[in-house]
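Chemist: Below is one structure. I have some questions about it.
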Amino acid sequence: MSMAAFKPEHFNWRMEEGGVAVIMLKRPERKNPITFGAYAELRDTFRNLAGADDVKAVVFGSNGGNFCSGGDVRDIIGPLFDRDMKGLLEFTRMTGDLVKAMRACPQPVIAAVDGVCVGAGAMIALFADMRLGTPAAKTAFLFTRVGLAGCDMGACAMLPRVIGQGRAAELLYTGRTMNADEAERWGFFNRLVAPDALEGEAIKLAQSLASGPTFAHMMTKTMLNQEWSMSIDMAIEAEAQAQAICMQTQDFRRAYDGFIAKQPPVFEGN
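Under this note's numbering, the first residue of the sequence shown carries the number 2, and numbering increases by one thereafter.
Pasting the structure below:
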(Lines of atoms letter the chains of each structure in order from A and count residues from 1; the text may use other names and numbers.)
(Lines give C-alpha, C1' and ligand atoms only; values in the text may rest on other atoms or scores of the structure.)
Protein backbone atom coordinates (compact mmCIF):
# COMPACT_ATOMS: atom_id res chain seq x y z
CA MET A 1 0.00 0.00 0.00
CA SER A 2 1.26 3.48 -0.91
CA MET A 3 0.62 6.63 1.09
CA ALA A 4 1.81 8.95 -1.69
CA ALA A 5 -1.70 10.09 -2.60
CA PHE A 6 -2.98 10.22 0.99
CA LYS A 7 -4.89 13.45 1.71
CA PRO A 8 -6.23 13.54 5.26
CA GLU A 9 -9.01 15.89 6.25
CA HIS A 10 -8.04 16.75 9.81
CA PHE A 11 -4.25 17.22 9.70
CA ASN A 12 -1.51 18.10 7.26
CA TRP A 13 0.48 15.30 5.62
CA ARG A 14 3.37 15.31 3.19
CA MET A 15 6.10 12.98 2.05
CA GLU A 16 9.75 14.01 2.15
CA GLU A 17 12.65 12.43 0.26
CA GLY A 18 13.68 9.02 1.49
CA GLY A 19 10.28 7.81 2.60
CA VAL A 20 9.75 10.22 5.50
CA ALA A 21 6.17 11.23 6.25
CA VAL A 22 5.57 14.55 8.02
CA ILE A 23 2.40 15.09 10.06
CA MET A 24 1.27 18.44 11.46
CA LEU A 25 -1.96 19.35 13.18
CA LYS A 26 -4.03 22.14 11.66
CA ARG A 27 -5.19 25.52 12.99
CA PRO A 28 -1.93 27.10 14.13
CA GLU A 29 -3.85 30.25 15.06
CA ARG A 30 -5.25 28.21 17.98
CA LYS A 31 -2.00 26.39 18.68
CA ASN A 32 -3.16 23.24 16.88
CA PRO A 33 -5.87 21.71 19.07
CA ILE A 34 -6.88 18.13 18.41
CA THR A 35 -10.49 17.32 17.53
CA PHE A 36 -12.67 14.19 17.51
CA GLY A 37 -12.03 13.87 13.79
CA ALA A 38 -8.27 14.29 14.15
CA TYR A 39 -8.10 11.64 16.87
CA ALA A 40 -9.88 9.09 14.70
CA GLU A 41 -8.04 9.96 11.50
CA LEU A 42 -4.63 9.90 13.19
CA ARG A 43 -5.47 6.55 14.80
CA ASP A 44 -6.46 5.08 11.44
CA THR A 45 -3.37 6.56 9.74
CA PHE A 46 -0.92 5.02 12.19
CA ARG A 47 -2.74 1.71 11.89
CA ASN A 48 -2.47 1.87 8.10
CA LEU A 49 1.26 2.57 8.27
CA ALA A 50 1.79 -1.11 9.01
CA GLY A 51 1.13 -1.79 5.34
CA ALA A 52 2.68 1.37 3.88
CA ASP A 53 5.79 0.22 2.05
CA ASP A 54 6.73 3.75 0.96
CA VAL A 55 6.83 5.20 4.50
CA LYS A 56 10.06 4.39 6.35
CA ALA A 57 9.89 6.91 9.21
CA VAL A 58 7.47 9.54 10.53
CA VAL A 59 7.98 13.06 11.85
CA PHE A 60 5.13 14.50 13.92
CA GLY A 61 5.94 18.18 13.68
CA SER A 62 4.93 21.55 15.03
CA ASN A 63 2.93 24.11 13.09
CA GLY A 64 3.25 27.85 13.47
CA GLY A 65 5.58 27.64 16.46
CA ASN A 66 3.50 25.19 18.51
CA PHE A 67 3.05 21.42 18.70
CA CYS A 68 -0.46 20.93 20.09
CA SER A 69 -2.67 22.68 22.64
CA GLY A 70 -4.54 19.49 23.56
CA GLY A 71 -8.17 18.58 23.15
CA ASP A 72 -10.25 21.27 21.48
CA VAL A 73 -12.41 22.93 24.16
CA ARG A 74 -15.23 23.63 21.71
CA ASP A 75 -15.08 20.41 19.70
CA ILE A 76 -14.34 17.95 22.50
CA ILE A 77 -14.58 19.22 26.07
CA GLY A 78 -18.02 20.82 25.83
CA PRO A 79 -19.72 17.94 23.99
CA LEU A 80 -18.38 15.41 26.51
CA PHE A 81 -20.89 16.71 29.06
CA ASP A 82 -23.69 15.43 26.85
CA ARG A 83 -22.36 11.86 26.79
CA ASP A 84 -23.34 9.03 29.12
CA MET A 85 -20.76 6.69 30.66
CA LYS A 86 -20.74 4.43 27.61
CA GLY A 87 -20.16 7.40 25.32
CA LEU A 88 -17.40 8.76 27.54
CA LEU A 89 -15.65 5.39 27.57
CA GLU A 90 -15.90 5.20 23.78
CA PHE A 91 -14.07 8.55 23.61
CA THR A 92 -11.36 7.72 26.15
CA ARG A 93 -10.72 4.38 24.46
CA MET A 94 -10.40 6.12 21.10
CA THR A 95 -7.75 8.50 22.49
CA GLY A 96 -5.84 5.53 23.86
CA ASP A 97 -6.15 3.75 20.52
CA LEU A 98 -4.20 6.60 18.89
CA VAL A 99 -1.10 6.17 21.03
CA LYS A 100 -1.44 2.38 20.87
CA ALA A 101 -1.35 2.69 17.08
CA MET A 102 1.76 4.87 17.32
CA ARG A 103 3.48 2.15 19.34
CA ALA A 104 2.31 -0.60 17.02
CA CYS A 105 3.29 0.96 13.69
CA PRO A 106 6.63 -0.43 12.45
CA GLN A 107 8.15 2.95 11.53
CA PRO A 108 10.14 5.05 14.02
CA VAL A 109 8.15 8.14 15.01
CA ILE A 110 9.99 11.38 15.85
CA ALA A 111 8.16 14.24 17.56
CA ALA A 112 9.49 17.72 16.71
CA VAL A 113 8.21 19.89 19.54
CA ASP A 114 8.14 23.67 19.53
CA GLY A 115 6.12 25.92 21.80
CA VAL A 116 2.98 24.58 23.43
CA CYS A 117 2.83 20.80 23.91
CA VAL A 118 0.10 20.04 26.43
CA GLY A 119 -2.63 17.54 27.26
CA ALA A 120 -3.24 15.14 24.40
CA GLY A 121 -0.41 16.84 22.51
CA ALA A 122 2.00 15.96 25.29
CA MET A 123 0.78 12.37 25.09
CA ILE A 124 1.40 12.22 21.35
CA ALA A 125 4.94 13.49 21.92
CA LEU A 126 5.43 11.06 24.80
CA PHE A 127 4.47 8.07 22.67
CA ALA A 128 6.82 9.01 19.86
CA ASP A 129 9.99 6.94 19.75
CA MET A 130 12.19 10.03 19.98
CA ARG A 131 11.62 13.70 20.71
CA LEU A 132 13.46 16.81 19.56
CA GLY A 133 12.56 20.09 21.22
CA THR A 134 13.34 23.78 21.07
CA PRO A 135 14.23 26.10 23.96
CA ALA A 136 10.67 27.47 23.65
CA ALA A 137 9.01 24.07 24.15
CA LYS A 138 6.60 23.95 27.09
CA THR A 139 5.21 20.54 27.96
CA ALA A 140 2.42 19.92 30.46
CA PHE A 141 0.13 17.04 31.35
CA LEU A 142 -2.80 19.24 32.26
CA PHE A 143 -5.38 16.64 33.20
CA THR A 144 -5.59 17.43 36.93
CA ARG A 145 -5.91 21.12 36.07
CA VAL A 146 -9.32 20.37 34.57
CA GLY A 147 -10.42 18.07 37.38
CA LEU A 148 -9.39 14.77 35.80
CA ALA A 149 -6.88 12.11 36.80
CA GLY A 150 -3.35 12.23 35.51
CA CYS A 151 -3.77 8.68 34.18
CA ASP A 152 -4.81 9.67 30.65
CA MET A 153 -3.87 7.84 27.43
CA GLY A 154 -1.26 5.74 29.21
CA ALA A 155 0.53 8.60 30.97
CA CYS A 156 1.05 6.69 34.22
CA ALA A 157 2.64 3.81 32.31
CA MET A 158 4.80 5.68 29.81
CA LEU A 159 5.94 8.88 31.52
CA PRO A 160 7.72 7.14 34.44
CA ARG A 161 9.58 5.00 31.92
CA VAL A 162 10.82 8.09 30.09
CA ILE A 163 11.66 10.49 32.95
CA GLY A 164 11.39 8.42 36.14
CA GLN A 165 8.65 7.70 38.66
CA GLY A 166 9.13 10.66 40.99
CA ARG A 167 9.41 13.23 38.23
CA ALA A 168 6.40 11.76 36.44
CA ALA A 169 4.37 11.82 39.64
CA GLU A 170 5.14 15.51 40.14
CA LEU A 171 4.08 16.46 36.63
CA LEU A 172 0.94 14.30 36.67
CA TYR A 173 -0.22 15.44 40.12
CA THR A 174 0.43 19.14 39.60
CA GLY A 175 -0.15 19.58 35.87
CA ARG A 176 2.66 22.11 35.89
CA THR A 177 4.72 23.02 32.84
CA MET A 178 8.02 21.27 32.20
CA ASN A 179 10.32 23.74 30.46
CA ALA A 180 12.67 22.73 27.67
CA ASP A 181 15.90 22.64 29.71
CA GLU A 182 14.23 20.53 32.36
CA ALA A 183 12.73 18.23 29.73
CA GLU A 184 16.11 17.66 28.11
CA ARG A 185 17.83 17.12 31.45
CA TRP A 186 15.17 14.60 32.49
CA GLY A 187 15.39 12.70 29.21
CA PHE A 188 12.04 13.69 27.73
CA PHE A 189 13.81 15.41 24.84
CA ASN A 190 16.69 13.62 23.16
CA ARG A 191 18.12 17.05 22.41
CA LEU A 192 17.21 20.70 21.88
CA VAL A 193 17.69 22.58 18.62
CA ALA A 194 16.95 26.10 17.44
CA PRO A 195 13.34 26.69 16.39
CA ASP A 196 14.27 27.45 12.78
CA ALA A 197 16.26 24.21 12.60
CA LEU A 198 13.73 21.94 14.33
CA GLU A 199 11.85 20.56 11.37
CA GLY A 200 14.97 20.12 9.29
CA GLU A 201 16.81 18.31 12.07
CA ALA A 202 13.84 16.01 12.69
CA ILE A 203 13.54 15.20 9.00
CA LYS A 204 17.30 14.64 8.77
CA LEU A 205 17.16 12.20 11.69
CA ALA A 206 14.14 10.44 10.16
CA GLN A 207 15.89 10.17 6.79
CA SER A 208 18.95 8.64 8.42
CA LEU A 209 16.71 5.99 9.98
CA ALA A 210 14.78 5.52 6.72
CA SER A 211 18.03 4.81 4.86
CA GLY A 212 19.06 2.20 7.41
CA PRO A 213 17.96 -1.41 7.87
CA THR A 214 14.25 -0.68 8.26
CA PHE A 215 13.27 -4.30 8.96
CA ALA A 216 15.75 -4.29 11.82
CA HIS A 217 14.37 -0.94 13.03
CA MET A 218 10.91 -2.50 13.09
CA MET A 219 12.26 -5.38 15.14
CA THR A 220 13.99 -2.96 17.53
CA LYS A 221 10.75 -1.04 18.06
CA THR A 222 8.84 -4.27 18.58
CA MET A 223 11.26 -5.49 21.21
CA LEU A 224 11.42 -2.14 23.01
CA ASN A 225 7.65 -2.37 23.44
CA GLN A 226 7.30 -6.07 24.18
CA GLU A 227 10.08 -6.34 26.73
CA TRP A 228 8.29 -4.13 29.25
CA SER A 229 6.36 -7.14 30.48
CA MET A 230 9.21 -9.66 30.32
CA SER A 231 11.69 -10.88 32.88
CA ILE A 232 15.35 -10.42 32.01
CA ASP A 233 15.69 -14.06 31.04
CA MET A 234 12.60 -13.86 28.83
CA ALA A 235 13.92 -10.69 27.20
CA ILE A 236 17.30 -12.24 26.46
CA GLU A 237 15.63 -15.22 24.80
CA ALA A 238 13.21 -13.00 22.86
CA GLU A 239 16.12 -10.93 21.59
CA ALA A 240 18.00 -14.07 20.59
CA GLN A 241 15.05 -15.07 18.44
CA ALA A 242 14.61 -11.56 17.03
CA GLN A 243 18.27 -11.29 16.12
CA ALA A 244 18.25 -14.71 14.48
CA ILE A 245 15.38 -13.51 12.30
CA CYS A 246 17.32 -10.35 11.36
CA MET A 247 20.35 -12.48 10.47
CA GLN A 248 18.26 -13.96 7.65
CA THR A 249 17.71 -10.57 5.99
CA GLN A 250 19.51 -9.34 2.92
CA ASP A 251 20.44 -6.15 4.79
CA PHE A 252 22.60 -8.23 7.13
CA ARG A 253 24.38 -9.65 4.07
CA ARG A 254 24.66 -6.16 2.54
CA ALA A 255 26.37 -4.88 5.69
CA TYR A 256 28.86 -7.75 5.62
CA ASP A 257 29.57 -7.35 1.91
CA GLY A 258 30.04 -3.62 2.40
CA PHE A 259 32.49 -4.21 5.21
CA ILE A 260 34.54 -6.64 3.11
CA ALA A 261 34.53 -4.23 0.15
CA LYS A 262 35.27 -1.26 2.46
CA GLN A 263 32.15 0.52 1.21
CA PRO A 264 29.10 1.72 3.15
CA PRO A 265 26.19 -0.67 2.69
CA VAL A 266 23.03 0.42 0.89
CA PHE A 267 20.17 -0.99 2.94
CA GLU A 268 16.88 -1.86 1.29
CA GLY A 269 14.78 -3.00 4.22
CA ASN A 270 14.59 -6.70 3.37
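Even glycine gets a Cβ: it sits at the ideal position worked out from N, Cα and C.
Identify the continuous beta strand (DSSP E) that holds M16 and give its terminal residues.
Modeler: As a first step, residue 16 must be located in the sequence shown, where it is residue number 15. Unbroken beta strand (DSSP E) run through M16: F12 to E17.
Chemist: The alpha helix (DSSP H) that contains M235, what's its start and end?
Modeler: As a first step, residue 235 must be located in the sequence shown, where it is residue number 234. It spans I233 to C247 - the alpha helix (DSSP H) in which M235 sits, taken as one unbroken run.
Chemist: Let me confirm a value: P265 is counted as buried when at least 16 other C-beta atoms fall within 10 Å, else exposed. Which label applies?
Modeler: By one-based count along the sequence shown, residue 265 stands at place 264. Exposed is the call here.
Chemist: With burial defined as no fewer than 16 other Cβ atoms inside 10 Å of the residue's Cβ, what is the status of P80: buried or exposed?
Modeler: By one-based count along the sequence shown, residue 80 stands at place 79. Exposed: under 16 other Cβ atoms inside 10 Å.
Chemist: How about N13: is its Cβ closer than 6 Å to a heavy atom in the ligand ATP?
Modeler: The model on display carries no ligand, and the ligand ATP is accordingly not part of it.
Chemist: If you count every other CB in all the chains shown that lies within 10 Å of the CB of S232, and 16 or more means buried, which is it?
Modeler: Residue 232 sits at position 231 when you count from the first residue of the sequence shown. Exposed.
Chemist: Between which two residues does the alpha helix (DSSP H) holding T145 run?
Modeler: Walking along the sequence shown from the start, residue 145 turns up at place 144. Per DSSP, T145 belongs to no alpha helix (DSSP H) and is neither H nor E.
Chemist: Give the secondary structure of K139 by DSSP, where H, G and I count as helix, E and B as strand, and everything else as coil.
Modeler: The count along the sequence shown starts at 1 and reaches residue 139 at position 138. K139 falls in the strand class under three-state DSSP.
Chemist: Within the continuous alpha helix (DSSP H) that includes G134, where are the two ends?
Modeler: The residue labelled residue 134 in the question sits at position 133 within the sequence shown. Not the alpha helix (DSSP H): G134 falls in the beta strand (DSSP E), residues M131 to G134.
Chemist: Would you say L160 and A169 are within 7 Å of each other, going by their C-beta atoms?
Modeler: In the sequence shown, the residue the question calls residue 160 occupies position 159. In the sequence shown, the residue the question calls residue 169 occupies position 168. Going by C-beta atoms, L160 is nearer than 7 Å to A169.
Chemist: For A207, which residues of its own chain have a beta-carbon under 6 Å away from its beta-carbon, when the five flanking residues on both sides are left out?
Modeler: Your numbering for residue 207 matches position 206 in the sequence shown. Closer than 6 Å at Cβ, skipping near neighbours: V21, A58, V60 and I111.
Chemist: So, under 8 Å CB-CB, C1 and L26 are touching, yes? Tell me the CB distance rounded to an integer number of Å.
Modeler: A query on residue 1 cannot be resolved here, the shown segment of the chain reaching from 2 to 271 and no further.
Chemist: When we look at the beta-carbon of F268 and count the other beta-carbons within 10 Å, is it buried (16 or more) or exposed?
Modeler: What you label residue 268 is simply residue 267 of the sequence shown in a count that begins at 1. Per the 10 Å Cβ criterion, buried.
Chemist: Return the Cβ separation of I164 and G188 in integer angstroms, given the expectation that the two are a contact with Cβ distance under 8 Å.
Modeler: Taking the sequence shown and counting its residues from 1, one reaches residue 164 at position 163. Taking the sequence shown and counting its residues from 1, one reaches residue 188 at position 187. The pair is a contact, with the Cβ atoms about 6 Å apart (cut-off 8 Å).
Chemist: Runs of 3 residues minimum, wholly inside the segment 156 to 182: which ones carry the beta strand (DSSP E) assignment?
Modeler: Taking only runs of at least 3 residues, the beta strand (DSSP E) segments lying wholly in the segment 156 to 182 are 178 to 180.
Chemist: Using the beta-carbon count (16 or more within 10 Å), is P136 buried or exposed?
Modeler: For the purposes of this step, residue 136 is taken as the residue at position 135 of the sequence shown. Exposed, by the Cβ-count rule.
Chemist: According to the neighbour-count rule (16 or more other Cβ atoms, all chains shown, within 10 Å of its Cβ), is T46 buried or exposed?
Modeler: Residue 46 sits at position 45 when you count from the first residue of the sequence shown. When all chains shown are included, T46 counts as buried.
Chemist: Just checking, does the segment 119 to 135 make contact with the segment 185 to 199 on the three C-beta pairs under 8 Å criterion?
Modeler: Yes, the segment 119 to 135 is in contact with the segment 185 to 199.
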